[in-house]
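Residue numbers (the working numbering), protein chains in the order written: chain A, 8 to 95; chain B, 6 to 356.
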């Protein structure tokens, strides 16, 4: 897959929309599904850490684009990953 | 032999000249990123980009990538693509028109002899492939009556003009002068617009309007039934049509007939589904939707499907980030497959 999840912490406002919109996160944590941050130790794709977005387990991403749509400031994108560029 | 790959916008063509000239063309706009071509390609030359991402996010790239060094221009992808996004041509001729190659049996037709031009199919068609053009009858030929305004009695109040549902009455409004102390210079009825509903007659405060509806009094004796016919024609754009069956299902008079390329079963795991809407946006056939709650407090299923409209392309399954959807293909409707290897390849798409 040539598209990969990328975050821009410098743009992020820390709203957490992407964290709770992400269906993979929501399936893994009922707290996230309910709109909160996870209190238990659970593997999720991304979370707001110290006020900005951080990718934790990008390999879990199903590349559906839900988080991208939910972000108000384009701080999370699905774009061509470096792996893809190596083919050229 | 040299292979050339040409990318124009998001369309791709791969070409090779040898004893015969072979050219594989990909039209991005028709592609649903369903992944069937990637599955069937015997040399893994095709990579379909993430289905959800391609539908939900803005991307500069094509929905698929073809590795021109791997592609052997065999044409399997071209013959199986349910959206005709891929087409292999040999010496300028599409293999879909050649007897030696299998062709998906899929079609959509509207019978104009039966069609009443209600436009339900045009509104429902997911890829906007249907155009219904209709010519409505002349309204004046469907009514019969008489109307007369006694201009001497009329006080130019304009009430009839305001209330006429057919906008058939017009007053020539003006400001009064000492020379001509009236508020309107004339009042007229457009006979082509008047439907003889008699509202003006009823509402006139000075009984200046005489009107009668002949149909109410004597029936439709002077109406020609043929004058009420709606004429028109229908058109399905084959380049856009996905053979989903919406036109066939929604047509109130059974004028539309659709043959689908695949048969199968679509299963949704309602517990796993997180209602992210990716599949709903991805589905080229408008099969999936979020149902409304019937009454306060009742919880509907998370994701609703109606397989009447499904062509089992598998785009929804491929797009689901939590693997809540399974598409099983049980039958591929195609013309006879002559080669055993092609038969095996087609069979590999079935569950």
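Virtual Cβ for every residue (Gly too), placed ideally from N, Cα, C.
Because the structure is a prediction, the values reported are computed rather than measured.
Cut-off 6 Å between Cβ atoms - residues of its own chain near residue i, not counting five sequence neighbours on either side
i                      : result
residue 70 of chain B  : 52
residue 206 of chain B : 214 and 216
residue 93 of chain B  : 29, 80, 83 and 100
residue 76 of chain B  : 19 and 50
residue 191 of chain B : 177
residue 240 of chain B : 136
residue 73 of chain B  : 8, 10 and 19
residue 85 of chain B  : 41 and 45
residue 236 of chain B : 140
Closer than 9 Å at the beta carbon, the chain A residues around residue i
i                      : result
residue 3 of chain B   : What the structure shows of chain B is the stretch from 6 to 356, and residue 3 of chain B is not part of that stretch, so it cannot be assessed.
residue 8 of chain B   : By Cβ distance, chain A contributes nothing, its closest Cβ being about 16 Å from residue 8 of chain B, past 9 Å.
residue 116 of chain B : Neighbours of residue 116 of chain B on chain A: none; closest Cβ ~40 Å, over 9 Å.
Outcome for residue i when other beta-carbon atoms lying within 10 angstroms are tallied against a minimum of 16
i                      : result
residue 96 of chain B  : exposed
residue 55 of chain B  : buried
residue 14 of chain B  : exposed
residue 224 of chain B : exposed
residue 119 of chain B : exposed
residue 348 of chain B : exposed
residue 64 of chain B  : buried
residue 36 of chain B  : buried
residue 23 of chain B  : exposed
residue 263 of chain B : buried
residue 62 of chain B  : buried
residue 332 of chain B : buried
residue 226 of chain B : exposed
residue 32 of chain A  : buried
residue 68 of chain B  : buried
residue 341 of chain B : exposed
residue 144 of chain B : exposed
residue 30 of chain A  : buried
residue 6 of chain A   : This structure leaves residue 6 of chain A out entirely; chain A is present only between 8 and 95.
residue 295 of chain B : exposed
residue 238 of chain B : exposed
residue 338 of chain B : exposed
residue 10 of chain A  : buried
residue 110 of chain B : exposed
residue 160 of chain B : exposed
residue 25 of chain B  : exposed
Interface residues of chain B facing residue i [CB-CB closer than 7 Å]
i                     : result
residue 33 of chain A : 279
residue 30 of chain A : 279, 281, 326 and 327
Cut-off 8 Å between Cβ atoms - residues of its own chain near residue i, not counting five sequence neighbours on either side
i                      : result
residue 277 of chain B : 327, 328 and 329
residue 251 of chain B : 126, 129, 130, 131, 290, 291 and 314
residue 304 of chain B : 298
residue 59 of chain B  : 38 and 68
Element boundaries [beta strand (DSSP E), containing residue i]
i                      : result
residue 267 of chain B : 267-273
residue 237 of chain B : 236-241
residue 215 of chain B : 214-218
residue 150 of chain B : 150-154
residue 57 of chain B  : First-last for residue 57 of chain B: 56-61, but that is the alpha helix (DSSP H), not the beta strand (DSSP E).
residue 87 of chain A  : 83-87
Under 8 Å from the C-beta of residue i: neighbouring residues of chain A
i                      : result
residue 70 of chain B  : 9
residue 57 of chain B  : 69, 70, 71, 72 and 73
residue 229 of chain B : Chain A residues near residue 229 of chain B: none, gap ~57 Å exceeds 8 Å.
residue 204 of chain B : Under the 8 Å cutoff, chain A gives no residues; its nearest Cβ is about 51 Å from residue 204 of chain B.
residue 51 of chain B  : The contacting residues do not exist; residue 51 of chain B stays about 12 Å from chain A at best.
Endpoints, alpha helix (DSSP H) assigned at residue i
i                      : result
residue 32 of chain A  : 30-35
residue 352 of chain B : 345-352
residue 85 of chain B  : 81-85
residue 44 of chain B  : 41-45
residue 225 of chain B : Careful: residue 225 of chain B lies outside any alpha helix (DSSP H) and carries neither H nor E.
residue 189 of chain B : Looking at the DSSP string, residue 189 of chain B is not in any alpha helix (DSSP H); the run it does join, the beta strand (DSSP E), is 189-194.
Same chain, Cβ closer than 7 Å to residue i, five either side skipped, listed in chain order
i                      : result
residue 18 of chain A  : 80, 81 and 82
residue 375 of chain B : With chain B covering only 6 through 356, there is no way to say anything about residue 375 of chain B.
residue 133 of chain B : 245
residue 208 of chain B : 164, 165 and 168
residue 162 of chain B : 210
residue 90 of chain B  : 31, 32, 35 and 36
residue 40 of chain A  : 33
residue 92 of chain A  : Because residue 92 of chain A sits at a pLDDT of 45, beneath the cut-off of 50, its placement in the model cannot be relied upon, and the following sentence gives the value as read from the coordinates. Nothing meets the Cβ criterion.
residue 288 of chain B : 320 and 321
residue 346 of chain B : none
Proximal residues of chain A, C-beta to C-beta of residue i below 7 Å
i                      : result
residue 164 of chain B : Near residue 164 of chain B there are no residues of chain A at all, since even the closest Cβ is about 54 Å away, more than 7 Å.
residue 41 of chain B  : Going along chain A, no residue has its Cβ under 7 Å from residue 41 of chain B, so there is no contact; the nearest lies around 17 Å.
C-beta neighbour in chain E for residue i, strict 9 Å
i                      : result
residue 284 of chain B : Of the chains in the structure shown, none is chain E; the protein chains are A and B.
Residues within the region 321-334 of chain B neighbouring chain A, beta-carbon criterion of under 9 Å:
Of all residues in the region 321-334 of chain B, only 324, 325, 326, 327, 328 and 329 come within less than 9 Å of chain A when Cβ atoms are compared, listed by chain position.
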